[in-house]
Each structure stands twice: as structure tokens, then as C-alpha cells.
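Data block below; observations after.
2 protein chains.
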Amino acid sequence: MTYGVIGTGGIGGFYGGILAKSGCDVHFLFHSEYEAAMEHGLIVNSCWGDFTINPINAYNSTASMPKCDVVLVAIKTTAQNRLADMLKPILKPDSTVVLIQNGLNMEKNLAALLPESVAIAGGMAYICVSRIAPAVIHHQDLGELTIGMHRGSDEKARELCRQLKCGGVKVAEICSDLNAHRWKKLLWNIPYNGLTVILKSTTDRLMNNEASAKLIYDIMLEIIGAAKACGVEIPISIADNLVEMTRHMKPYKTSMRLDYDNKRPMEIEYMYSEPIKEADAHGFIMAKTQVLEQQLKFIQNGYL
Amino acid sequence: MTYGVIGTGGIGGFYGGILAKSGCDVHFLFHSEYEAAMEHGLIVNSCWGDFTINPINAYNSTASMPKCDVVLVAIKTTAQNRLADMLKPILKPDSTVVLIQNGLNMEKNLAALLPESVAIAGGMAYICVSRIAPAVIHHQDLGELTIGMHRGSDEKARELCRQLKCGGVKVAEICSDLNAHRWKKLLWNIPYNGLTVILKSTTDRLMNNEASAKLIYDIMLEIIGAAKACGVEIPISIADNLVEMTRHMKPYKTSMRLDYDNKRPMEIEYMYSEPIKEADAHGFIMAKTQVLEQQLKFIQNGYL
Numbered sequence: 000m001t002y003g004v005i006g007t008g009g010i011g012g013f014y015g016g017i018l019a020k021s022g023c024d025v026h027f028l029f030h031s032e033y034e035a036a037m038e039h040g041l042i043v044n045s046c047w048g049d050f051t052i053n054p055i056n057a058y059n060s061t062a063s064m065p066k067c068d069v070v071l072v073a074i075k076t077t078a079q080n081r082l083a084d085m086l087k088p089i090l091k092p093d094s095t096v097v098l099i100q101n102g103l104n105m106e107k108n109l110a111a112l113l114p115e116s117v118a119i120a121g122g123m124a125y126i127c128v129s130r131i132a133p134a135v136i137h138h139q140d141l142g143e144l145t146i147g148m149h150r151g152s153d154e155k156a157r158e159l160c161r162q163l164k165c166g167g168v169k170v171a172e173i174c175s176d177l178n179a180h181r182w183k184k185l186l187w188n189i190p191y192n193g194l195t196v197i198l199k200s201t202t203d204r205l206m207n208n209e210a211s212a213k214l215i216y217d218i219m220l221e222i223i224g225a226a227k228a229c230g231v232e233i234p235i236s237i238a239d240n241l242v243e244m245t246r247h248m249k250p251y252k253t254s255m256r257l258d259y260d261n262k263r264p265m266e267i268e269y270m271y272s273e274p275i276k277e278a279d280a281h282g283f284i285m286a287k288t289q290v291l292e293q294q295l296k297f298i299q300n301g302y303l
Numbered sequence: 000m001t002y003g004v005i006g007t008g009g010i011g012g013f014y015g016g017i018l019a020k021s022g023c024d025v026h027f028l029f030h031s032e033y034e035a036a037m038e039h040g041l042i043v044n045s046c047w048g049d050f051t052i053n054p055i056n057a058y059n060s061t062a063s064m065p066k067c068d069v070v071l072v073a074i075k076t077t078a079q080n081r082l083a084d085m086l087k088p089i090l091k092p093d094s095t096v097v098l099i100q101n102g103l104n105m106e107k108n109l110a111a112l113l114p115e116s117v118a119i120a121g122g123m124a125y126i127c128v129s130r131i132a133p134a135v136i137h138h139q140d141l142g143e144l145t146i147g148m149h150r151g152s153d154e155k156a157r158e159l160c161r162q163l164k165c166g167g168v169k170v171a172e173i174c175s176d177l178n179a180h181r182w183k184k185l186l187w188n189i190p191y192n193g194l195t196v197i198l199k200s201t202t203d204r205l206m207n208n209e210a211s212a213k214l215i216y217d218i219m220l221e222i223i224g225a226a227k228a229c230g231v232e233i234p235i236s237i238a239d240n241l242v243e244m245t246r247h248m249k250p251y252k253t254s255m256r257l258d259y260d261n262k263r264p265m266e267i268e269y270m271y272s273e274p275i276k277e278a279d280a281h282g283f284i285m286a287k288t289q290v291l292e293q294q295l296k297f298i299q300n301g302y303l
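The listed protein sequences correspond, in order, to chains A and B.
Heads up, the first sequence is in numbering that gives the first Met the number 0, so the first residue is 0 and it goes up one at a time.
Heads up, the second sequence is in numbering that gives the first Met the number 0, so the first residue is 0 and it goes up one at a time.
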């Protein structure tokens with residue numbers, strides 16, 4: 000199988016790197032970091048053991064890449080409107096595209112733009128990983144990957160999971176309900192990403208303050224209500240567990256906070272606006288999440 | 000009639016200054032600015048014409064003040080828990096206390112601590128005024144004062160209004176429904192005060208951004224809903240008018256933003272928590288206002 004990685008940042012570099020390290024044929028798309036990748040390869044500093052992919056199959060455009068059986072998409076959703084065009088040169092009629100991204104409805108929106116025969120999946124990565132220098136990534140903690148099919152056969156996705164496990168990922172599995180997992184991931188992403196930016200804070204400071212800890216929990220309850228309206232039951236115990244986990248996590252800047260710090264666009268559309276719209280369409284108003292959405296848009300407007 | 004002013008900042012200095020200027024017997028309580036007041040009097044730079052009260056009846060404790068027929072209270076509500084004790088030395092059995100403050104339920108809470116014979120009123124000041132140096136205040140715009148009785152006769156409050164009008168205040172009047180006016184004032188105060196602090200902004204920038212302008216309007220609609228649950232009908236046209244007025248106002252730092260900039264406590268309790276509790280007691284959840292409340296508490300915790 001031929002693998003493609005679209006967006007070799009923290010997530011794409013990590014999972015693609017694991018595949019390449021264990022001998023798979025992996026082709027990486029870089030953007031501004033293409034030169035660095037050609038020079039020193041892809042350097043992965045990982046709490047599971049450091050490794051480097053050098054030489055690396057690096058590209059700066061999908062036009063020059065081979066066609067791929069499985070494509071891992073790990074670009075920010077802020078570039079989602081260009082994704083279908085980027086993918087077209089590397090897709091076979093029966094390729095599987097896995098969107099390892101945060102938010103809601105990315106799969107549905109992409110599906111409308113690609114041939115019916117292309118399988119589309121979503122990937123939920125539970126991992127602390129970030130790009131710390133050009134083509135250098137730092138894997139700090141965790142690493143679990145859950146994949147859910149949006150459409151098509153899960154055959155290639157199963158093979159992907161098998162290869163990742165060979166490469167050392169302890170949990171890489173297929174789930175039966177993508178939508179439920181997307182909402183569960185939002186349960187963490189919506190409060191922590193937004194509030195670390197709006198309140199210029201980190202996860203530990205948010206948890207150590209009574210007011211922000213309560214706000215985070217209240218937002219989680221709202222998300223549970225929205226998910227329920229959309230047909231997804233999330234037990235409150237999952238919110239309790241997430242809060243407890245975050246309380247004991249090392250101080251962490253969320254991906255949105257890193258985007259903000261580096262004056263990059265933030266993933267407001269897929270992480271906030273889409274869930275709000277989806278809940279609204281099912282008769283549930285996400286009043287608190289709307290506040291974060293509008294505050295984030297104001298903040299982004301100030302630097303973009 | 001003898002007038003007392005408790006808290007000679009922008010609001011207290013302005014209305015007390017107008018009374019003194021027109022010949023009333025006014026006694027001003029200062030805190031840290033007592034020395035400056037004794038030295039150069041109270042200086043009022045006003046868009047209606049500058050004036051100075053010098054010499055001034057200035058005090059640094061209510062223990063040394065004479066008993067007053069009418070007391071204007073213009074301290075921040077953050078000091079509300081000390082107010083009843085501060086007032087006791089200057090109250091006659093039939094005094095009238097007018098709380099020219101922002102928020103909800105200040106009158107009710109104070110009433111429980113003062114003798115039944117003392118009349119208690121609330122004052123809603125529609126004015127842009129701020130303290131710019133010790134015992135120097137700057138009156139930038141507007142000046143309307145509306146007074147509503149919480150309990151007791153409105154006789155002294157009427158006399159106060161008459162004197163203020165003699166002194167040049169175009170509109171100073173008694174209203175029949177204090178609670179309705181308190182909620183109407185919150186309609187502006189809740190969104191603009193909170194968001195200028197949380198988003199580190201000014202009124203003009205909030206109005207010039209589509210997302211924050213929508214957020215402000217959405218919060219206003221929530222407040223209208225809360226007021227309705229509490230028995231107060233506010234037509235949506237009032238929200239429209241406030242938004243339009245603010246859009247055409249000179250760039251303005253709200254009082255909460257000034258408190259934040261000067262690392263003073265913010266009026267979160269009476270401006271956010273009390274309305275939230277009151278609405279909740281009437282079965283209405285102020286979900287968006289709760290977000291602002293908790294964000295403000297987090298921010299305040301960072302500097303107090």
C-alpha cells in the first residue's frame with residue numbers, strides 16, 4: 000500500500016513517521032518546511048523514543064506525488080476549502096482518505112466534492128504533539144488514534160491501523176460511530192481551545208481557577224446536550240474524566256493557542272460554527288459555545 | 000436640605016458638584032483623594048462648562064460628617080458590604096439614600112440593613128464621566144439621571160431632582176419602576192463592560208467588528224428574556240437604540256475596563272451574578288451572561 004500524508008505538521012508527521020519507520024511506502028506533503036525536510040529529513044522527538052525519517056519522500060505539491068491507497072489528511076481545517084483540489088492528483092478510484100482533524104462535518108463536506116468510490120473516514124487523535132521547528136516535531140504524551148468510516152469500505156483503514164500498531168501505536172482502531180467520536184472529541188476541544196485563547200491561558204491555569212473550571216464544565220454539559228439533540232449520547236462521566244485528566248496533564252498550550260500565538264488562522268469554523276449549526280438544525284441552541292465562537296472571531300479579526 | 004455624597008469619584012463628584020455649585024449644602028466623602036480635595040477643591044471639567052468647588056466640605060470618614068437628609072451613594076458596588084456601616088453615622092430617621100450605582104438588587108440588600116424609616120432609592124445615571132486625577136473629574140457626554148424608589152416617600156428625591164435641574168442637569172426625574180430601569184441599564188452594562196475587559200477592547204472596536212456586534216446584540220436579547228421572566232418588559236427597539244447610540248459614541252472605555260486597567264476589583268457581583276441569580280429564581284438561564292461572569296472572575300483572579 001502507498002500512503003500519502005497531506006500536511007506534515009505534528010499529527011501528520013507523527014503518524015506518517017510511524018508508518019515510514021516501520022517500512023511502509025509513505026509520501027509526505029510539506030508546505031513551507033519542504034527545504035528543511037529535504038535537508039535533514041523528518042525528526043520526531045517522541046516520549047516513545049526518538050527517530051528520524053531521512054531520506055524522506057518529501058513533496059511541496061500533490062501534483063508531483065504518486066497516487067496513494069490511503070491518504071492521511073492532517074492540515075488545519077482553516078485550509079479545508081482547498082482540500083478537494085489538493086487531493087485529486089493523488090487519489091485512485093478506490094483510495095481511502097482519513098481526515099485526522101478536529102471539528103465536525105469535515106467528512107460530509109469533503110464527500111460532496113470527491114467521487115463516490117473514494118472511501119472517506121475521520122480520525123480522532125488523542126495525542127499531545129506539536130511542530131517545534133521546521134520538519135521537527137515533539138511528541139509529548141498519549142498517541143491513541145480512533146478511525147471511523149464516513150462512507151465506503153473500512154478495509155484499507157484496518158490495514159492502516161495494523162501498520163500503526165506494528166510501528167508502536169498502542170491503540171489504533173476502527174470505531175463504528177464516527178459522529179459520536181467527533182462529538183466526544185469536541186467535548187475537550189471546544190472549551191479548552193477557545194478559553195486558552197480568549198483568556199490567554201494554559202490548561203493548568205484554567206483548571207486551577209474555580210470560575211474557569213466551572214465554565215469549562217458548564218460548556219461540556221452544553222455540548223453533551225447538543226450531541227444528544229444530534230442523536231449522540233455522551234455520559235456525563237466522560238466530561239468528569241476529561242476534566243480530571245486535564246487537571247493532571249502537564250501545562251499545555253492547545254493547538255488553537257499555538258495558532259493564535261503564531262498569528263495563524265484559528266479553526267473556528269469546523270470546531271465552533273459547524274457544531275453550533277448542526278445542533279441548531281436539531282433544535283438545540285449552544286448559547287455558551289456561541290459566545291466563544293464570536294469572541295474568537297473578534298480576536299482573529301484583530302491579527303489576520 | 001443637607002446632602003451627603005458617599006464616594007466622590009466621577010458620578011458622585013459630578014452630581015454632588017452640580018448641587019454644591021447651585022448653592023446646596025453638600026458634604027463629600029473622599030477616600031485616597033481627600034488631601035487633593037482639601038488642596039484644590041473638586042475640579043469638574045464638563046462639556047456643559049467647567050467649574051470648581053473650592054473650598055469644599057470634604058471628609059475622609061463618615062464619622063466626621065453631619066447627618067444628611069439625602070445621601071447620594073456613588074461608590075463601586077465592590078465595596079457594598081461596607082456600605083451600611085459607612086452610612087449609619089450620617090443617617091437621620093427620615094433620610095433618603097439614593098444608590099447611583101450599576102447592577103441589580105443593591106437597594107434590596109441595603110434595605111435589609113437600614114431602619115425601615117429610611118427611604119431607599121436607586122439612581123440610573125446615563126453619563127460618560129470619569130475621574131482623571133485626584134479630585135478632578137471629566138464629564139465627557141450625556142448626564143441624564145433617573146431615580147426610582149425602592150421604599151419610602153419620594154419627597155426628598157423630588158427635591159433632589161429639582162435642585163439638579165436648577166444646576167443644569169437637563170433631565171433628572173423620578174420613575175415609577177426602579178426594577179425596570181435597572182434591567183434597562185443592564186442591557187448596556189452587561190455586554191459592553193464585560194466584553195471591553197475580556198476582549199481588551201473599546202466600545203467602537205466592538206461595534207466595528209461583525210462578530211462582537213452580533214455577540215453584543217445576542218447578549219442584549221438574553222437580558223430582555225431574563226427581564227421578561229422577572230416581570231419587566233423591554234421592547235427590542237431599546238436594544239436597537241442602544242446599539243445605534245453606542246455605534247455613534249466617541250470611543251469609550253467602560254468603567255469596568257478602567258477598573259481592570261487600574262487593577263481594581265470589578266463589579267462582577269452586582270452587574271453579573273445578581274441578575275443571573277434573579278433570572279434563575281424566575282426560571283430563566285442567562286447562559287451567555289454566565290460565560291462573561293466566569294471569564295471576568297478568572298481575569299480578576301489573575302491580578303487581585
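All residues carry an ideal CB built from backbone N, CA and C; glycine is no exception.
Note that the structure is predicted; figures quoted are calculated from it, not measured.
Quiz item: Taking the C-alpha atoms as reference points, what is the distance between L177 (chain B) and T245 (chain B)?
Solution: For the purposes of this step, residue 177 (chain B) is taken as residue 178 along the second sequence, with counting starting at 1. For the purposes of this step, residue 245 (chain B) is taken as residue 246 along the second sequence, with counting starting at 1. Between L177 (chain B) and T245 (chain B), the C-alpha separation is close to 23 Å.
Quiz item: What do you get for R181 (chain B), buried or exposed, if any count of 16 or more other CB atoms within 10 angstroms of its CB means buried?
Solution: Along the second sequence, read from residue 1 onward, the residue named residue 181 (chain B) stands at position 182. Buried, because 16 or more other Cβ atoms sit within 10 Å of the Cβ of R181 (chain B).
Quiz prompt | I131 (chain B) burial status per 10 Å Cβ neighbour count (16 or more: buried) | solution = Along the second sequence, one-based indexing puts residue 131 (chain B) at 132. Exposed.
Practice problem: With DSSP collapsed to three states, give me the class of R263 (chain B). | Solution: As a working note, residue 263 (chain B) is residue 264 in the second sequence. Three-state DSSP puts R263 (chain B) in coil, outside helix and strand.
Exercise. Pull up the distance between the alpha-carbon of G40 (chain A) and that of K169 (chain A), whole angstroms please.
Key: Taking the first residue of the first sequence as position 1, residue 40 (chain A) is located at position 41. Taking the first residue of the first sequence as position 1, residue 169 (chain A) is located at position 170. Roughly 25 Å separates the two Cα atoms.
Practice problem: Answer yes or no: do S116 (chain A) and G166 (chain A) have a C-beta to C-beta separation smaller than 9 Å? | Solution: For the purposes of this step, residue 116 (chain A) is taken as the residue at position 117 of the first sequence. For the purposes of this step, residue 166 (chain A) is taken as the residue at position 167 of the first sequence. No, the Cβ-Cβ distance between S116 (chain A) and G166 (chain A) is not below 9 Å.
Quiz item: Residues in its own chain within less than 6 Å of A171 (chain A) by CB, not counting five upstream and five downstream?
Solution: Counted from its first residue, the first sequence places residue 171 (chain A) at position 172. If we look at A171 (chain A) and ignore the five residues flanking it on each side, its Cβ neighbours are L144, C160, L163, K164.
Self-check item: Own chain, CB closer than 6 Å to A134 (chain B), minus 5 neighbours either side, in chain order
Solution: Here residue 134 (chain B) corresponds to residue number 135 of the second sequence, with the count starting at 1. Here the set comprises E32, A35, A36, L41.
Exercise. Count the other C-beta atoms from every protein chain shown that fall within 10 angstroms of the C-beta of E292 (chain B), then say buried if there are 16 or more, exposed otherwise.
Key: Start at 1 with the first residue of the second sequence, and residue 292 (chain B) comes out as number 293. E292 (chain B) comes out buried.
Exercise. Go ahead and label P65 (chain A) buried or exposed: buried means 16 or more other beta carbons lie within 10 angstroms of its beta carbon, across all protein chains shown.
Key: Reading the first sequence from its first residue, position 66 is the one you call residue 65 (chain A). Result: exposed.
Quiz item: Taking contact to mean at least 3 C-beta pairs separated by less than 8 Å, is the segment 294-303 of chain A in contact with the segment 91-100 of chain B?
Solution: no
Practice problem: Sort out for me which residues DSSP pairs D140 (chain B) with in a bridge. | Solution: Locating residue 140 (chain B) in the second sequence gives position 141, where the first residue counts as 1. Paired residues: B:C127.
Practice problem: Give me whichever residues DSSP pairs with E172 (chain A) in a beta bridge. | Solution: One-based indexing of the first sequence puts residue 172 (chain A) at position 173. According to DSSP, which records beta bridges pairwise, E172 (chain A) is partnered with A:T145.
Quiz item: What residue does the alpha helix (DSSP H) around G9 (chain B) start on, and which one ends it?
Solution: Here residue 9 (chain B) corresponds to residue number 10 of the second sequence, with the count starting at 1. Start and end: 9-20.
Quiz item: When you compare each of B:P234, B:M105, B:I5 to K87 (chain B) by their alpha carbons, which one comes out closest?
Solution: Within the second sequence, the letter at position 88 stands for residue 87 (chain B). Per the Cα distances, B:I5.
Practice problem: Look up D153 (chain A) in the DSSP assignment and say whether it is helix, strand or coil. | Solution: If you number the first sequence from 1, residue 153 (chain A) lands on position 154. The answer is coil: DSSP assigns D153 (chain A) none of H, G, I, E or B.
Quiz item: Given that I298 (chain B) touches chain A, what residues does it touch there, using C-beta distances under 8 Å?
Solution: Against the second sequence, residue 298 (chain B) aligns to sequence position 299. Under the 8 Å cutoff, chain A gives L198.
Quiz item: At least one CB of chain B closer than 9 Å to the CB of N261 (chain A): is that the case?
Solution: Looking up residue 261 (chain A) in the first sequence gives position 262. Not closer than 9 Å to any Cβ of chain B, the Cβ of N261 (chain A) fails to qualify, so no.
Exercise. Could you work out which residues of chain B lie near V290 (chain A), taking near to mean beta carbons separated by less than 7 Å?
Key: By 1-based counting over the first sequence, the position of residue 290 (chain A) is 291. Neighbours of V290 (chain A) on chain B, chain order: L214, K287, V290.
Practice problem: Please check if any C-beta of chain B sits within less than 9 Å of the C-beta of I218 (chain A). | Solution: Here residue 218 (chain A) refers to the residue found at position 219 of the first sequence. Output row for I218 (chain A): interface = yes.
Quiz item: Residues bridged to L41 (chain B) by DSSP?
Solution: Stepping through the second sequence from its first residue, residue 41 (chain B) is reached at position 42. B:I52.
Quiz prompt | Neighbouring residues, chain A, relative to S272 (chain B) (Cβ below 8 Å) | solution = By 1-based counting over the second sequence, the position of residue 272 (chain B) is 273. By Cβ distance, chain A contributes nothing, its closest Cβ being about 11 Å from S272 (chain B), past 8 Å.
Quiz item: By a C-beta neighbour count over all protein chains shown, 10 Å radius and 16 as the cutoff for buried, is C46 (chain B) buried or exposed?
Solution: As a position in the second sequence, residue 46 (chain B) is number 47, starting the count at 1. C46 (chain B) comes out exposed.
Practice problem: Report the option in A:G16, A:D140, A:K91, A:Q100 whose CA atom is closest to the CA atom of T79 (chain A). | Solution: Taking the first residue of the first sequence as 1, we reach residue 79 (chain A) at position 80. According to the sequence as given, residue 79 (chain A) is Gln; it is not Thr. Taking only the C-alpha atoms, the option nearest Q79 (chain A) is A:Q100.
Practice problem: State buried or exposed for G142 (chain A), treating a residue as buried only when at least 16 other CB atoms are found within 10 Å of its CB. | Solution: Taking the first residue of the first sequence as 1, we reach residue 142 (chain A) at position 143. G142 (chain A) is buried by the Cβ-count criterion.
Quiz prompt | Contacts that N208 (chain B) makes with chain A (C-beta to C-beta distance below 7 Å) | solution = Residue 208 (chain B) sits at position 209 when you count from the first residue of the second sequence. The answer, in chain order, is F297, N300.
Self-check item: Cβ pair L220 (chain A), I235 (chain A) closer than 9 Å
Solution: Position 221 of the first sequence, counted from the start, is the residue given in the question as residue 220 (chain A). Position 236 of the first sequence, counted from the start, is the residue given in the question as residue 235 (chain A). Closer than 9 Å, so yes.
Exercise. Taking S211 (chain B) as the query, report the chain A residues whose CB atoms sit under 9 Å from its CB, ordered along the chain.
Key: Sequence index remark: in the second sequence, residue 211 (chain B) carries index 212 (1-based). Going along chain A in sequence order, the residues near S211 (chain B) (Cβ under 9 Å) are Q293, Q294, K296, F297, N300.
Practice problem: Could you tell me whether any Cβ in chain A is nearer than 9 Å to the Cβ of L205 (chain B)? | Solution: Indexing the second sequence from 1 puts residue 205 (chain B) at position 206. Chain A contact via Cβ: present.
Self-check item: C-beta neighbour in chain A for E277 (chain B), strict 9 Å
Solution: As a working mapping, residue 277 (chain B) is identified with position 278 in the second sequence. By this cut-off, E277 (chain B) is not an interface position.
Exercise. Please check if any C-beta of chain B sits within less than 9 Å of the C-beta of L194 (chain A).
Key: On the first sequence, position 195 is the one that residue 194 (chain A) refers to. For L194 (chain A), the answer is yes, since a Cβ of chain B falls inside 9 Å of its Cβ.
Practice problem: With 9 Å as the threshold, decide whether the Cβ of E38 (chain A) is near any Cβ in chain B. | Solution: On the first sequence, residue 38 (chain A) is found 39 positions in, with the first residue counted as 1. No - not a single Cβ of chain B is within 9 Å of the one on E38 (chain A).
Quiz item: Is there contact between the segment 261-271 of chain A and the segment 101-110 of chain A, where contact requires at least three CB pairs shorter than 8 Å?
Solution: yes
Quiz item: Got a sec: is the Cβ-Cβ distance from E221 (chain B) to anything in chain A below 9 Å?
Solution: Taking the second sequence and counting its residues from 1, the one referred to as residue 221 (chain B) is at position 222. Yes, its Cβ sits closer than 9 Å to a Cβ of chain A.
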